[in-house]
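Here this note's numbering runs 13 ahead of the position in the first sequence, where the first position is 1. Even glycine gets a Cβ: it sits at the ideal position worked out from N, Cα and C. None of the values given here were measured: they were computed from a predicted structure.
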Amino acid sequence: MSDKRVLDAARDTAPPTTPPPASPAASMSLEKTFDPSHFEQRWYERWEADGRFQPGGPAGSPRFVMVIPPPNVTGRLHIGHAYGRTIEDILARWKRMSGLRVLWVPGTDHAGIATQMVVERQLSKEGVRRQDLGRDEFIERVWAWRRESGDAILGQLRRLGCSLDWTRTRFTMDPDLSRAVRHAFVRLYEDGLIYRGRYVVNWCPRCGTAVSDLEVVHREVDGSLYRVKYDVPGVPEGAVVATTRPETMLGDTAVAIHPDDPRTSALRGKTAVLPIMNREIPVVEDPILVDREFGTGVVKVTPAHDANDFDSAQRHGLPALVVIGPDGKMTAEAGEYAGLDRFEARKRVLARLEEQGRLVKVEPYRHALGYCQRCDTVIEPYLSQQWFVKIAPLAEPAIAAVEKGDVRFAPESWAKTYFEWMRNIHDWCISRQLWWGHRIPAFTCSNGHVTVSDEDPAACPTCGAADPVQDPDVLDTWFSSQLWPFSVFGWPDPTPDLKDFYPTDVLVTGYDILFFWVARMIMAGLRFTGKAPFSTVHLHGLVRIGGEKMSKTKGNVIDPLEAIEEFGADAMRFTLASAASSGPTVSVERGRMTSSKHFATKIWNAARLILPHLEASAEREPHRGDELSLPDRWILSRLEAAASEANRHLEGFRFDEAANALYHFFWDELCDWYLEMVKPVLAENGPPARVARGVLRRCLQDSLALLHPFMPFLTEEVWEKLTGRPGTLIVSPYPRGNESARDDAAEEALGAFRAIVSRVRNLRIERGLAPAAPLPLTLDPSSSRRALVPVLEGLAPHLTHLARLSSLRFGPAPEGAFRDVVEGVAIAVELPERPAGSDARVEKVLAEISGEIDALSAKLQNPAYLEKAPAPVVEKARLRLRELEQKRAALATP
RNA sequence: GGGAGGUUAGCUCAGCGGUAGAGCGCCUGCUUUACACGCAGGUGGUCGGGGGUUCGAUCCCCUCACCUCCCACCA
């Protein structure tokens, strides 16, 4: 065991390895050029045909379940989807290979507004408006469109390689999912958590519907603050109000002041005259509405077009006048302005006020305005009858679930954002004045009785009237999305799938829909199933290209399908995985795609090198009792390290680190060093070659397995050649890595070995010698790490080969030789001509070393350091100092 | 008005108590029979500024500057 180690039971804890090739005679050759388009589709179809995407094994055994964040039916795959789904697929494949029954449920979202807009746009090309068709026909048109070109995105996910269980594909408007939506509504209604009422909501005049608070995006704009004088009989100076929206004054029904504001005390109890309309409106005192610090201390009250004013009006029993209609045009209540667009009306109102000398002051004013998330129209606060979810009772348990750890966020920092929002949550407006979506299951009879039920009522249950009419509105799309993790399994029915696969394990999505979707799913899951719908939420960042948001105008959009064509699905996936960071933005660049493609090609070519050797031999993996060479031991140790790192990082959702670890192992260690060392061994074809072939098989096999979640197609293709078992890598065991199988001695030895080889190589260039010029090397057995020298002696043939030595000797440095110390090993090289001490590079290195030596020795003379720093750290510093001094001495030798 | 995150090599980003890493780029050499989508060697950083804690800080604390994002009913 001193020099050579016998392979022990290192694999005791490892999963069983693949059986021998089914047919050793099967061709093991790969095409010379790597072209992923030759096999991507083939493997995808094979996996699907073999049922690999469906959970195998008996119900109840350990499983791993995810539901896809359902993309819009209208959607095309963009880089953001590709990123999120790649992450999910990596998880799915990793867990599947780790022996769990994996289910990943696909599907699409009906996406109310978005889809309706797509079809409306299509109709407008034919010169038709949806109103011309009527509701039923329009909806039929949407379904027709969906049959033709909806769901295209699902096919695109196949190109990506997503191992989704297509037999369970769901759509939020499927009959059973619609039933779930209706049932959820009915239950919340019956529990008093859904109510209907007239309130000021966010209204998009262009979309013609109410939207929720979340669907309004606020932007700062440069506007004006207008001060307008309202006459107040008995108060000469009148009431000067400040407003950014003068057109709304037409709907004013009061003027408010603060009860304790001396500036406005003269107005108390008075009546003002609304300019233009010449309507008398009361002055009310409202300490909630009026901020004494702001403006003139007088606030105009427009209950129908401002939520605060509405609240105030409620408190004072004021009427509300709707002066801006649902189309954004002034209503009949606006008198002479009726029919004008709201912004045109603003201009006219201002002109009139100016004329009347009532526009006291206009100042530039920067303030936030709400815009429709969908169409960017300025949102109009609008008083209308809507349905709402009373959210606080739902939020409470959802907050608790995260506090208790029933649901955990990865990265954890998102929990804070979640709490922040959940603790200040407002009721949710869920009715939408659209046609495409889940119709609200509320029916009103001619006597005004409202019925909410799972089945359409034939007659009013209250009065027997035979004519209950269903509410024309549909539900916010997110109302159905929030049920997704259980509605896909057949909820509310107690289906076997629901029992077997709910709650799910991990939810992966962008942080941008934390409130829209994630929070609501937690609330709905707890309310309807009594369980949190998933135990972990992985919120990932949003993809940026070169640090900038993707936009078509900037031309920096990466189309994932084009990228797949150009680089291959594997390369794109690997790029996305390595770009994954814990931060809020994920930067993807074309250069990284190229680099991943190169990596894929590297794997291909390494396999082309390795496979023929395995073909010629019957060797499988290294056997117990095989005499492993030091390089064999080293690469197997590194393999364990890479595998355990990959698992560790996957566990922590650090896909970038996992990908890096595998990249580094495969390229830098396996290809650049082990393969180069093993080539001559294989050529000699002695007994060590037999062992090396086993090691190679193990390395390639495990590398393919480790990389499979990241690069499924390429690895499966090579796997077939390696094992003769086509299409089985996807269900082969994932190597977990075994830290206790690490071989420190081999790692230390190879570390020194590699450093010495590199030193000889760069010395050659430093001295202007031909790259292939053979050089004599002497290693000094009295080096500080002298134990390494005999070990290196065992590596003599490799050293000679890789460093291109003319000779290798052991002993003191020959007279006049160039000397250096590398990793504690004193080396000497006799150079053909030795330009004495004139080498600039050596001078530079010497200067660096001296600097470090000074710093180190100062540190080691510091009593506080010696006393307080941990012993291993001090010891390391001592060793480093010693080696640096030796190195300096060696280099300084003329 | 509140939060959150960021500022590290020319670019895009990792690292986060023991004097810095990757990929790409750049420079120098190589037809080394797996790979030029390659090999070998190299260049490149007062880790945003200033304080503090510590034997020791890129990493912890404070502060300033600048970016990004989220939330928010001050007319």
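Residues bridged to residue i [DSSP beta-bridge criterion]
i	result
K872	DSSP, once it has assigned bridges, lists no residue as partnering K872.
P295	T284
T791	R822 and A841
D484	D484 pairs with nothing; no bridge assigned.
W60	The partner list for W60 (beta bridge, DSSP) is empty, contrary to what the question assumes.
C442	F401
N85	D122
T598	L555
C385	V229
P3	Absent from the model: residue 3. The displayed extent of the chain is 14 to 907, so no value can be given.
W158	None, per the DSSP bridge assignment.
C-alpha gap between residue i and residue j, whole angstroms
i	j	result
D510	V194	18 angstroms
R540	L407	7 angstroms
D480	E468	15 angstroms
G764	R895	19 angstroms
W812	K900	It should be pointed out that residue 812 corresponds to Leu in this sequence rather than to Trp. Answer to the nearest angstrom: the Cα atoms are 21 angstroms apart.
D322	P288	19 angstroms
D145	E133	11 angstroms
H91	S594	19 angstroms
W732	V599	31 angstroms
L363	V601	50 angstroms
L869	A890	7 angstroms
L892	I558	46 angstroms
P693	R774	19 angstroms
F678	L717	12 angstroms
V570	E58	29 angstroms
Nearest-angstrom beta carbon gap, residue j and residue i [assumed within contact, 8 angstroms]
i	j	result
A584	K610	4 angstroms
T222	G120	Not really, about 25 angstroms apart at Cβ, beyond 8 angstroms.
A326	T284	Between T284 and A326 the Cβ distance is about 16 angstroms, and since that is not below 8 angstroms, they are no contact.
R359	P218	That belief does not hold up - the Cβ atoms of R359 and P218 are roughly 14 angstroms apart, past 8 angstroms.
S104	R232	Correcting the residue identity first, residue 104 is Leu in this sequence and not Ser. About 36 angstroms separates the two Cβ atoms, so there is no contact after all.
W427	L527	7 angstroms
V213	L331	Incorrect: roughly 13 angstroms between the Cβ atoms, too far for contact.
V254	L280	The Cβ separation is near 11 angstroms, so there is no contact.
L675	C712	Rounded, the Cβ-Cβ distance is 12 angstroms, inconsistent with contact.
H814	R706	19 angstroms between Cβ atoms; not a contact.
Residue range of the alpha helix (DSSP H) that includes residue i
i	result
L574	P573 to F580
A758	D757 to E779
P509	P509 to F514
P249	Where P249 is concerned, there is no enclosing alpha helix (DSSP H), although the beta strand (DSSP E) it sits in stretches over V248 to T256.
S657	L643 to E664
E806	L801 to G807
P498	W497 to S500
F541	R533 to T542
T99	I92 to M110
R908	Only positions 14 to 907 of the chain appear in the structure, and residue 908 is not among them; the question remains open.
G310	Here G310 belongs to no alpha helix (DSSP H), and DSSP marks it neither H nor E.
F4	Examination of residue 4 is not possible in this model, given that the chain is present from 14 through 907 alone.
Enclosing beta strand (DSSP E) for residue i [first to last residue]
i	result
S237	V229 to V245
G210	I207 to C217
D833	F831 to V835
K455	A small fix is needed here, since residue 455 is Ala in this sequence, not Lys. First-last of the beta strand (DSSP E) with A455: A455 to T457.
A223	T222 to V224
M79	R76 to V80
Proximity test, residue i beta-carbon vs the ligand ADP heavy atom, cut-off 7 angstroms
i	result
V521	The ligand ADP is not part of the structure shown, which contains no ligands of any sort.
**OP:** Inspect the CB distances between the stretch 494-501 and the stretch 448-462 and report whether three or more fall short of 8 angstroms.
**Re:** no
Subject >> the stretch 97-107 in contact with the stretch 150-169 per 3-pair CB rule at 8 angstroms >> reply: no
Original post:
Should the stretch 371-385 be called in touch with the stretch 191-211, which here means at least 3 C-beta pairs below 8 angstroms?
Top reply: no
Subject >> Cβ contact (3+ pairs, closer than 8 angstroms) linking the stretch 713-723 and the stretch 99-114 >> reply: yes
Original post:
Below 8 angstroms, can you find three or more Cβ-Cβ pairs linking the stretch 654-661 to the stretch 780-791?
Top reply: no
**OP:** Flag this pair as touching only if the stretch 134-142 and the stretch 669-689 have three or more C-beta atom pairs under 8 angstroms; answer yes or no.
**Re:** no
Original post:
Would the stretch 232-243 and the stretch 527-537 be scored as touching if the rule is three or more Cβ pairs under 8 angstroms?
Top reply: no
Subject >> Cβ pair count under 8 angstroms reaching 3, the stretch 789-798 against the stretch 820-828 >> reply: yes
Original post:
Can you find at least 3 beta carbon pairs, one from the stretch 472-488 and one from the stretch 425-445, that sit closer than 8 angstroms?
Top reply: yes
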